[in-house]
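These notes concern the structure reproduced below.
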Amino acid sequence: MPLSAPEPLNATHDVSRFTCGKAALDHWLQTRALSNQEKGFTVVMVVHDAGRVVGYYGLAPTAVVPTVLPRSIKTGQPPDPVPCLLLGQLAIDVEWAGHGIGTGLLRHALIRCVQGARLIGGRALMVNAIDPQAAEFWRRRGFLASRGDPLMLFRSIADIAASVTAAGLDASIR
Ligand SMILES: CC(C)(COP(=O)(O)OP(=O)(O)OC[C@H]1O[C@@H](n2cnc3c(N)ncnc32)[C@H](O)[C@@H]1OP(=O)(O)O)[C@@H](O)C(=O)NCCC(=O)NCCS
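Sequential numbering of the sequence shown, starting at 28, is according to my numbering.
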């Protein structure tokens with residue numbers, strides 16, 4: 028059976044066996060994700076195999092003090108705090124790792140960020156890398172480390188939008 032398309036997490040999804048290799052990300056999915064989604068803190072999108080979640084990401088609005096932004100994103104006289112978006116989680120079950128699912132889910136998240144920022148604003152997408160290996164994953168995808176914290180990284184929405192367009196992907200809002 029092929030994996031599902033990304034869809035919002037709901038109570039019918041089986042998250043109990045999810046194991047991505049980073050306990051904090053497994054624990055968050057199993058104990059916090061659904062209530063965070065229901066309360067509107069985070070939108071949690073999953074892909075699943077017959078109901079069993081094999082990958083997920085979480086997106087939320089956020090705001091950061093201008094001083095943490097990389098210089099190329101801060102530019103000019105930004106508001107304080109600076110409206111941004113937060114990709115708080117991205118994880119794939121180890122059984123399905125290395126098959127492009129993470130890349131596909133990230134593409135889905137980036138398109139949503141471009142669409143969301145068109146509707147409500149947002150200067151950059153922020154990610155919190157769980158460790159230095161994850162930070163390297165983000166740097167290879169165009170994210171720049173925060174001033175002072177190598178595990179907090181940003182990519183401007185304008186840069187993401189340009190890459191989405193260059194890849195021929197549709198980020199129009201219907
Ligand atoms: C990082 C992760 C989401 C990638 O998902 P995936 O479906 O295996 O990824 P893909 O098959 O699309 O691509 C493989 C990429 O993941 C990278 N990767 C594999 N394991 C990784 C890990 N533990 N940490 C960081 N990156 C990892 C590979 O180096 C490769 O990156 P590259 O294309 O830049 O060389 C997945 O390995 C994972 O859930 N890791 C644990 C949680 C994590 O580190 N999340 C990242 C942000 S906090």
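From the three backbone atoms N, C-alpha and C, an ideal C-beta is built for every residue, glycine too.
Short Cβ contact (9 Å threshold) for residue i with residue j
i             : j            : result
proline 97    : leucine 112  : no
glycine 115   : threonine 69 : yes
alanine 172   : alanine 162  : yes
serine 202    : arginine 145 : The displayed coordinates of the chain run from 28 to 201. Any statement about residue 202 would go beyond what the structure contains.
leucine 117   : valine 154   : yes
aspartate 107 : valine 92    : yes
leucine 133   : arginine 168 : yes
Residue of the options minimising C-alpha distance to residue i
i             : options                        : result
glutamine 160 : Leu180, Asp53, Ser43           : Leu180
leucine 36    : Leu52, Gly82, Arg44            : Gly82
leucine 86    : Lys101, Ala77, Asn63           : Asn63
alanine 32    : Gly131, Ser199, Ala185         : Gly131
valine 71     : Thr102, Leu56, Arg174          : Leu56
proline 110   : Ala90, Lys49, Ala50, Leu196    : Ala90
serine 199    : His135, Arg59, Asp158          : His135
tyrosine 84   : Ala60, Thr102, Gln104, Lys101  : Ala60
aspartate 176 : Ile157, Arg168, Ile187, Arg167 : Ile157
glycine 125   : Ile147, Gly67, Cys47           : Cys47
proline 34    : Lys49, Asp53, Gly78            : The sequence shown places glutamate at residue 34, not proline. Glutamate 34 has its Cα closest to that of Gly78, out of Lys49, Asp53, Gly78.
Cα-Cα separation, residue i to residue j
i                 : j              : result
phenylalanine 170 : aspartate 76   : 30 Å
isoleucine 187    : leucine 137    : 7 Å
valine 80         : isoleucine 100 : 35 Å
valine 58         : glycine 127    : Checking the sequence, you will find threonine at residue 58 rather than valine. Those two C-alpha atoms are separated by around 26 Å.
alanine 51        : proline 105    : 33 Å
proline 29        : leucine 152    : 30 Å
arginine 44       : aspartate 197  : 33 Å
phenylalanine 164 : aspartate 53   : 19 Å
glycine 67        : isoleucine 147 : 16 Å
glutamate 65      : arginine 174   : 33 Å
threonine 102     : glycine 195    : 28 Å
lysine 49         : leucine 178    : 15 Å
Interface flag, residue i vs chain D, CB-CB below 9 Å
i           : result
proline 106 : This model lacks chain D altogether, as it is built from one protein chain only.
> Three or more beta-carbon pairs under 8 Å between the segment 183 to 193 and the segment 116 to 124, yes or no?
Replying inline: no
> For the 8 Å Cβ check, are there 3 or more pairs between the segment 140 to 153 and the segment 39 to 53?
Replying inline: no
>> What ranges does the beta strand (DSSP E) occupy inside the segment 141 to 190, keeping only unbroken runs of at least 3 residues that lie completely in it?
In response: 151 to 155, 171 to 173, 176 to 183
> In chain order, which continuous runs of the beta strand (DSSP E) of length 3 or greater are located wholly inside the segment 88 to 135?
Replying inline: 109 to 119
> Residue ranges of each alpha helix (DSSP H) run of no fewer than 4 residues wholly in the segment 54 to 79, ordered along the chain?
Replying inline: 60 to 66
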